[in-house]
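For reference, the structure discussed in these notes is given below.
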Amino acid sequence: MSLKEPKFTIGIEEEYHLVDLTSRDLVPEPPATLLSACQAALAGQVSPEFLQSQIEVGTRVCSSLQDARAELAHLRTTVADVARSHGLAPIAASTHPFARWSRLQHTDKARYHDLARDLQGVARRMVVSGMHVHVGIENDDLRIDLMNQARYFLPHLLALSTSSPFWEGENTGLKSFRLAIFGEVPRTGLPGRFSGWSEYTRTIDVLVKAGVIEDATKIWWDLRPSARFPTLEMRITDVCPRLDDGIAIAALFICICRMLYRLRRTNLSWRLYPVFLLEENRWRAQRYGLSDRMFDFGKGELVPAGALIDELLMLVAEDADALGCTREVAHVRTIVARGTSADRQVACHDAAVAAGMNPQQALEAVVDQLVSETRDVASPGPGGP
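Take the sequence shown: its letters are residues 1250 to 1634, numbered as in this note's numbering.
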C-alpha cells in the first residue's frame, strides 16, 4: 500500500535575546509589562523562555514559506516595537557578544524551576537561542524514516545558520559556539537510528517509566519527532538575524524532507551513515561554518562547504518547485556568497577595533549590528542583497 503524501506544512519558532539599548547588555529582568504587551498583541504566538532575558515566538501552521515569512516578519516587528517602548530590543542571534551568564535569572515557571534544579550549572550557562522548524508529516513511521535519513543534511543547515562566534566577550574561534553550550545538556546532539515509530516510543518510554523525564519534550536532539505535533522538528540551527536567511534555511529543510519522501516513493533512500561520521561534519560546520571544507561521504573526501551545498540545491530543485519556494531556496546561494551572521559579527568587531574602538566598544558595535539586522524584515527582492 502506497504512503499518502504528507501535507508538508511548516511552522517556525525563533528565540530572541533582549538587550538594553543603552548598555547593549542583556537585560536580566525585563519589565513584566513587556511580555504581557507582546502576548496581548500576539495571542498564542509569543512566550517566555528559560531565561528572563529571552523571548520566543512561533508562527501558526503555514501552508507556504511565503506565509511563514509574513508571520515571522509580523512577530519580529511587534516584539521589536514593544521592546523599544521599554528601552530594549530583540536580537536574533544565538549568543550575545559579551553578556555574563552569572548575572541572569531563569523565568519563574514550574517547568523552568524543574530544569534549573535538574541541570544545575549546565542550565545556568544556557544563554543561547535557536531556530526550530516543524514540517508536517502525519504518518508516524514515515516521520521516523525521514528523521533517519535527514540527519545527513543537518550539518549543511547548521553551516548556513551560524550566528554565535562570541561568548562572554571573547571570539571563540567557532562559528556556532551555541552548540558547545547546548551540548552540555543531556539528550542533545544527533539522534540515533530507529527502525520505526514503535522502537522510538519504546526507547523514550524507558526514561519516562523510570521517572527521568515526564515526556518526549525533554528530548532535545538536533532533529526529533515533535512531542506536541505530527511534525518532524529541526533544531540544530542557530537563529539568523536576517529574516530571509532563516526563511531560506527553513525552505531548504522542508525541501530535503520532500526529496527524501520522493526517493522513498520510488523504493529508494538516502544512504545511512554512522553517527560517528555525521558528527565529524557537524563539528566542521560548528567550527568553520561555510569558510572551510566538509565531508562528502559519498566521495569519501573533504570538499568546499559551498560546493556541497550547491550540490544539495540541485538535488532539491524539483521539490522547491513543487512546494512553491524556489525563490526562498535560491537565497541559500546568497548566504554562501556573502557569509553568515557569524562572519559579519567577527568582521564588524575587527573593523571597529581597527578604527580605534576599545574591546568593549567593538562588542557593542556588534550588538548594534544585530539589533539593526533583526529589526529589518523588508524583503530584499529577487536575488537578495
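All C-beta atoms in this analysis are idealised placements derived from N, C-alpha and C, irrespective of residue type, glycine included.
What residue range does the alpha helix (DSSP H) around residue i cover?
i, result
"G1441", "Where G1441 is concerned, there is no enclosing alpha helix (DSSP H), given that its DSSP letter is neither H nor E."
"S1334", "Unbroken run through S1334: none, as it is neither H nor E."
"V1295", "No alpha helix (DSSP H) holds V1295; the beta strand (DSSP E) holding it covers 1295-1297."
"A1554", "1554-1564"
If you reduce the DSSP assignment to three classes, tell me which class residue i lands in.
i, result
"W1416", "strand"
"F1431", "helix"
"T1327", "helix"
"Q1618", "helix"
"C1287", "helix"
"Q1303", "strand"
"D1316", "helix"
"S1272", "coil"
"C1574", "coil"
"G1495", "helix"
"I1453", "helix"
"P1634", "Summary for P1634: the model assigns pLDDT 41, below 50, so the residue's position carries little reliability; its value from the coordinates is reported in the next sentence. In this structure, P1634 counts as coil in the three-state DSSP scheme."
"L1321", "helix"
"T1589", "coil"
"I1462", "coil"
"H1477", "Before going further, note that residue 1477 is Arg rather than His in the sequence given. Coil at R1477, not helix or strand."
"E1254", "coil"
"V1581", "helix"
"V1595", "helix"
"E1613", "helix"
"A1627", "coil"
"A1281", "helix"
"A1600", "helix"
"A1292", "coil"
Taking the Cβ atom as the reference point for each residue, do residue i and residue j lie within a distance shorter than 9 Å?
i, j, result
"A1571", "R1513", "no"
"A1322", "H1266", "no"
"A1569", "C1504", "yes"
"I1498", "R1318", "no"
"A1399", "F1502", "yes"
"P1255", "Y1510", "yes"
"T1327", "G1260", "no"
"E1320", "E1298", "no"
"W1350", "R1374", "yes"
"W1469", "F1431", "yes"
"T1589", "I1340", "no"
"Q1609", "A1342", "no"
"T1356", "Q1315", "no"
"Y1401", "L1527", "yes"
Taking only heavy atoms of the ligand GDP into account, decide whether any of them is closer than 8 Å to the Cβ of residue i.
i, result
"F1544", "This structure does not include the ligand GDP; it has no bound ligands of any sort."
Mind checking which residues open and close the beta strand (DSSP E) that includes residue i?
i, result
"G1260", "1259-1269"
"L1481", "1480-1483"
DSSP beta-bridge partners for residue i?
i, result
"M1606", "In the DSSP output, where bridge partners are listed per residue, M1606 has none listed."
"S1425", "S1413"
"W1470", "G1438"
"D1487", "G1379"
"M1311", "Rather than Met, the amino acid found at residue 1311 in this sequence is Cys. In the DSSP output, where bridge partners are listed per residue, C1311 has I1259."
Beta strand (DSSP E) segments (min. 3 residues) lying fully within the stretch 1336-1423: Along the stretch 1336-1423, the beta strand (DSSP E) occurs as fully enclosed runs of 3 or more residues at 1337-1340, 1380-1385, listed in sequence order.
Residue ranges of each beta strand (DSSP E) within the stretch 1498-1551, 3 or longer: Counting only unbroken stretches of 3 or more residues, the beta strand (DSSP E) elements lying wholly within the stretch 1498-1551 are 1542-1545, in sequence order.
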